[in-house]
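Asks: Quick note on this note's numbering: the sequence shown kicks off at 269 and runs consecutively.
Ideal placement from N, C-alpha and C gives every residue a C-beta, glycine not left out.
The following block contains the structure, expressed as structure tokens.
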Amino acid sequence: MLATDPAGRIRTEFGIGNRPSAHFARVVRAVAQPLQGTVYVIEHLRRLRQFGLIALFHQRRVPPGPVTPPYPYAVTSPPRPAEPAEPAEPAGARLVGAGLLVPCLDTSERPYRDLDCAASTPALQAVADKVADFLPWYSSVHRGAGYKSRTATTAYENARESAHRFAGRAAEDGNVVILCRNTTEAINQLAYRLRLEPDDVVVSTVVEHHANLLPWARVAQRRWVECGPDGTFGVDDVTKVLDAGRPPALLAITGASNVTGWLPPIDQICEEAHVRGIPVFLDAAQLAPHRRLPPGPDYLAFSGHKLYAPYGSGALIGPRDTFTTGDPFLAGGGAVDLVDLDEVIWTEPPEREEAGSPNVIGAVAFGEAMDELERIGWEEIQRHEAALSVQLHEGLRSIDGVRVLGPVAARDTTTLSVAAFTVEGIHHGLVAARLSAEFGIGVRHGCFCAHPYLLRLLGVGPAGVADARAAVLRGDRSTIPGAVRASCGLGTSSDDVDALLAALRAVIHGGPAPVAYEQDNVTGDFWPAGQARGWGDSDRPAGAACARG
Ligand SMILES: Cc1ncc(COP(=O)(O)O)c(C=O)c1O
């Protein structure tokens, strides 16, 4: 029954048509339960010997009828949720870990509802497959004459090519892709490489993630574009700040807010900056998984772990000229042509900017994720997420006691399917803890690494900020202002959003929690009392606090 390819990998698909799984006892856990669907066995023989058989089971959608029971291996799970109104995933997007069951306080296991995609996305199956295929060929990059090194180098450079294509910036047009760890590293690298003078000015906005605030503070003066109470600003607000004093050396702006999902009008903003001769850096960490990258910005950065490639890779993209002179951000092996004890001749970019052995697995995953998003298509991605955005924002606004932060999501989809909200009278940390412990729903709470923006959206004045500062300085994070954030991705279904809305209604209007929750003042997080499986004292994760930004 198991076939192997010449490399020893098993890649067999089994169609299962309502036959007892005893036939497949080696590949699925639910012995003697009827199954319908497909089993994909994808593991390597050598690993099989070590770990036993590893398989993926994809249940076939079963039309209503006399087939019983309908759910394959849900030994302890509650009844299977109703068929989603929206397709769970856009065509072609299969995600690793979809449908995982997680323990809840009532001792049930529920399908995990991942509404924290703005933090990190799960891996696309295509990405996991690509990594599995590449792993046997893993070797040093740009450092070996052996066949495996050559293969690994090619794979690494192919990922760079994917980034050029994905960003619409060809190497032949003078662009360079620097592969790095993530957006934060990319921005720090750019801040260093622009070689700004201390009195140079970088214009940025109060909407930014800390990653696009803090690196600029080290190298230049900053001028700010403020936002209104709804968390947005217009093109005019930007031009006023660009024109308000010494001409800035750079405009550093986000492509999409990680808090509200708002999309600033980047095309027009770039035009205005360029008319004034000001280059633009776009923090595309949130935009890249959801929209084709805009052509206007001079520099771009984004992270693989937010676009379905959770293997620690990202990219900084910009004009090659920026990186052909001056010291690279990191000094070390691979970045040089010649070194003597008192001399160094740096090599050409991009290698000049990538000292040290690179994360080739991460790059391969990152490249495949970008290719796969292009294959799925931006129209399809946007169609899926626009419906979720409307459902999420309108659903939240319809619940008494919920206040959604940021602009009212227009049906023209100028907002990503991301929403930050507060619940009247309930600490944001408690809302997030209850959604997780009682409903299996994963969200984030806190300030989302965007303190200035969140404080504005919440309307926390100077006195509130002073209180928060004093509390943090004495090591108490329990009262830091914050909100809850729900964020969708390719694997999110309308059923997931409905489940969130229903759970919130239950938390707000359904009476007291089933157990007491205790807040840890050091982390700010809440934890349920008792020893339910997955929620006992030994399960308490060390420092999983969302309060830090
Ligand atoms: C808008 C934005 N910029 C930058 C970052 C930082 O990304 P990373 O943690 O991958 O460096 C994030 C992460 O949440 C983000 O949302």
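Determine the extent of the beta strand (DSSP E) in which valine 830 is found, giving its start and end residues.
Replies: This structure cannot speak to residue 830, because the chain is shown only from 269 to 817.
Asks: For the stretch 459 to 473 against the stretch 483 to 495, are there 3 or more C-beta pairs whose distance is under 8 angstroms?
Replies: A contact exists between the stretch 459 to 473 and the stretch 483 to 495.
Asks: Once DSSP output is grouped into helix, strand and coil, what is the label at aspartate 374?
Replies: coil
Asks: In whole angstroms, what is the alpha-carbon distance linking cysteine 372 and proline 390?
Replies: 21 angstroms
Asks: Among Ala541, Asp504, Trp530, whose alpha-carbon lies nearest the alpha-carbon of leucine 518?
Replies: The option with the nearest alpha carbon to leucine 518 is Ala541.
Asks: Taking only three categories from DSSP, how would you classify valine 896?
Replies: Any answer about residue 896 is impossible in this case: the structure gives the chain only from 269 up to 817.
Asks: Would you give the residue range spanned by the alpha helix (DSSP H) that glycine 586 belongs to?
Replies: Here glycine 586 belongs to no alpha helix (DSSP H); instead the beta strand (DSSP E) covers 582 to 587.
Asks: Quick check on the burial criterion: 16 or more other C-beta atoms within 10 angstroms. Buried or exposed for isoleucine 649?
Replies: buried
Asks: Suppose the cutoff is 6 angstroms on Cβ atoms and the five residues either side in sequence are ignored; what does the same chain contact list for glutamine 787 look like?
Replies: Ser746, Phe794
Asks: Taking C-alpha atoms, which residue in Ala553, Leu703, Gly804, Leu726 lies nearest to alanine 774?
Replies: Taking only the C-alpha atoms, the option nearest alanine 774 is Leu703.
Asks: If glycine 624 and glycine 601 are in contact, beta carbons under 8 angstroms, what's the gap, nearest whole angstrom?
Replies: Yes, glycine 624 and glycine 601 are in contact; Cβ-Cβ is about 7 angstroms, under 8 angstroms.
Asks: If you pair each beta-carbon of the stretch 493 to 509 with each one of the stretch 568 to 583, do three or more pairs fall below 8 angstroms?
Replies: Between the stretch 493 to 509 and the stretch 568 to 583 there are fewer than three inter-stretch CB-CB distances shorter than 8 angstroms, so the stretches are not counted as touching.
Asks: Starting from the N-terminal side, write out each stretch of the beta strand (DSSP E) that is 3 residues or longer and does not extend beyond the stretch 772 to 804.
Replies: 785 to 787, 794 to 796
Asks: Tell me the rounded alpha-carbon separation between aspartate 566 and leucine 660.
Replies: 33 angstroms
Asks: Tell me whether the stretch 720 to 728 and the stretch 469 to 485 touch, counting them as touching only if at least three CB pairs, one residue from each stretch, are closer than 8 angstroms.
Replies: yes
Asks: Classify tyrosine 415: buried if its beta carbon has 16 or more other beta carbons within 10 angstroms, exposed otherwise.
Replies: exposed
Asks: Give the secondary structure of alanine 488 by DSSP, where H, G and I count as helix, E and B as strand, and everything else as coil.
Replies: coil
Asks: CB-CB under 7 angstroms to phenylalanine 689, same chain, minus the five flanking residues each way: which ones, in chain order?
Replies: Leu664, Val670, Arg671, Val672, Leu673, Ala751, Val752.
Asks: Report the option in Leu363, Arg737, Ala386 whose CA atom is closest to the CA atom of glycine 529.
Replies: Ala386
Asks: Have a look at alanine 454 and phenylalanine 570 and give me their C-alpha separation to the nearest angstrom.
Replies: Straight-line Cα distance between these residues: approximately 8 angstroms.
Asks: Would the beta-carbon of arginine 544 fall within 8 angstroms of that of proline 497?
Replies: no
Asks: Roughly how far, in whole angstroms, is the beta-carbon of glutamate 622 from the beta-carbon of alanine 603, given that I think they are within contact range, below 8 angstroms?
Replies: 7 angstroms
Asks: Starting from tryptophan 646, trace the alpha helix (DSSP H) both ways and give me its first and last residue.
Replies: 646 to 665
Asks: Anyone know if the C-beta pair for valine 370 and arginine 378 falls short of 8 angstroms?
Replies: In this structure, valine 370 lies near arginine 378, with their beta-carbon atoms less than 8 angstroms apart.
Asks: Please state the DSSP three-state secondary structure of isoleucine 613.
Replies: strand
Asks: Quick check on alanine 512: buried or exposed, where buried means 16 or more other Cβ atoms within 10 Å of its Cβ?
Replies: exposed
Asks: According to the Cβ coordinates, are aspartate 551 and glycine 523 closer than 8 angstroms?
Replies: yes
Asks: Alpha carbon to alpha carbon, how far is glycine 263 from isoleucine 667?
Replies: Beyond the ends of the chain as shown, which are 269 and 817, falls residue 263; an answer cannot be given.
Asks: For cysteine 538, which of helix, strand or coil comes out of DSSP?
Replies: helix
Asks: Got a sec: does ligand 1 put a non-hydrogen atom nearer than 7 angstroms to the Cβ of histidine 432?
Replies: no
Asks: Tell me the DSSP secondary structure of phenylalanine 591 in three-state form.
Replies: helix
Asks: Please classify valine 676 as buried or exposed, where buried requires at least 16 neighbouring CB atoms within 10 angstroms.
Replies: exposed
Asks: My output table needs one value for aspartate 807: the three-state DSSP class, helix, strand or coil.
Replies: helix
Asks: Output the distance between the C-alpha atoms of cysteine 717 and glycine 817, rounded to the nearest integer angstrom.
Replies: 4 angstroms
Asks: Starting from the Cα of aspartate 639, find the closest Cα among Ile694, Ala427, Asp605, Ile521 and give me that residue.
Replies: Ala427
Asks: What is the DSSP secondary structure of histidine 713, reduced to helix, strand or coil?
Replies: Histidine 713: strand per DSSP, three-state reduction.
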